[in-house]
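Heads up, the thing below is written out as structure tokens.
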């Protein structure tokens, strides 16, 4: 069916032409592989150049029984991108997803934690272990700088500019930004560097990576998820949280305390201000207070 060769070409296109990150490319590829698996299970031997909108519709109906509308929308978007690429390269004359509608998902408000809940999470870390000092430094960095988990695990020692009060972050699409870092977060990173990291046998290629596992390798994103989930269980937190929850909380707490959306956008590395505007919906009382304080008709 030759799907693999077209997928590999598409991955090269996303990496070289579009400048997408490894994680994004993997997500796009997963959507196509899911379609390939559906074709294989149903013994439909059809190439990406011959597949019809009817077959795609059958696949979408199949995944709709397993996934929520948001996940369905992501798969449709990923497949549209792949077939648009095939049209762009003149492999096909049409996109079989052209007329397939994306399910309405609404706009999901991100989960956030109160400052007291974040304090409780960090206080629950066992500092008697080497991993404890590292985990405290990581959580303080996630929340203190509003990082994505992928940005945290790839953070370099050479990206730390403590004298200037900033760290350099390489975000989505390899776009770089400078994010302010507070004295408290700096302190915990330095404790980890001086007391724990310096005693590790560091694997080749990880010499500049800040946060490492006990074997001196770069941490995985899954490991960060596990650490945070385990801490939530430890303190009896009922919310379903992830590393991204700390990023959302960072933005929400800044907004609640009077920061403007444009500044938050720059710190989060959002390409569009509309992405950042979701945080406006989180605290109605804050908005009411702003109106009463600044509107001439208060």
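Numbering (the UniProt record's numbering), first residue to last: 1 to 298.
Just so it is clear, CB atoms sit at the ideal spot from N, CA and C, and this is done for glycine as well.
In the three-state reduction of the DSSP assignment, residue 98 falls in the coil class.
Counting the other Cβ atoms within 10 Å of the Cβ of residue 251 gives 16 or more, which makes it buried.
Pairwise C-beta distances place the stretch 40-55 in contact with the stretch 90-99, as three or more of them are shorter than 8 Å.
DSSP, reduced to helix, strand and coil, places residue 14 within a helical segment of the structure shown. The beta carbon of residue 264 lies closer than 6 Å to those of 251, 254 and 276 in the same chain, with the five residues before and after it left out.
Excluding five sequence positions before and after residue 145, the CB atoms of its chain that fall closer than 6 Å to its own CB belong to 179 and 181, given in chain order.
For residue 180, the enclosing beta strand (DSSP E) stretches over residues 176-180.
The beta carbons of residue 29 and residue 7 sit about 6 Å from each other, so the pair counts as a contact at 8 Å. In the DSSP annotation of this structure, the continuous segment of the alpha helix (DSSP H) that includes residue 30 starts and ends at 22-41.
When secondary structure is reduced to three states using DSSP, residue 209 falls in the strand class. Going by beta carbons, residue 247 and residue 85 fall outside the 9 Å limit.
Under the 10 Å beta carbon count, residue 14 is surrounded by 16 or more other beta carbons and is classified as buried. Check the Cα spacing between residue 183 and each of 60, 258, 140 and 206: the tightest is with 140. Here DSSP, grouped into helix, strand and coil, assigns residue 59 to helix. The straight-line gap separating the alpha-carbon atoms of residue 177 and residue 266 is approximately 8 Å. Using a Cβ distance threshold of 9 Å, residue 191 and residue 121 do not count as a contacting pair.
Between the stretch 233-241 and the stretch 147-162, the count of C-beta pairs closer than 8 Å stays below three; the two stretches do not touch. DSSP links residue 170 through a beta bridge to 176. Between residue 49 and residue 92, the gap from beta carbon to beta carbon is short of 9 Å.
Residue 59 and residue 87 have their C-alpha atoms roughly 21 Å apart.
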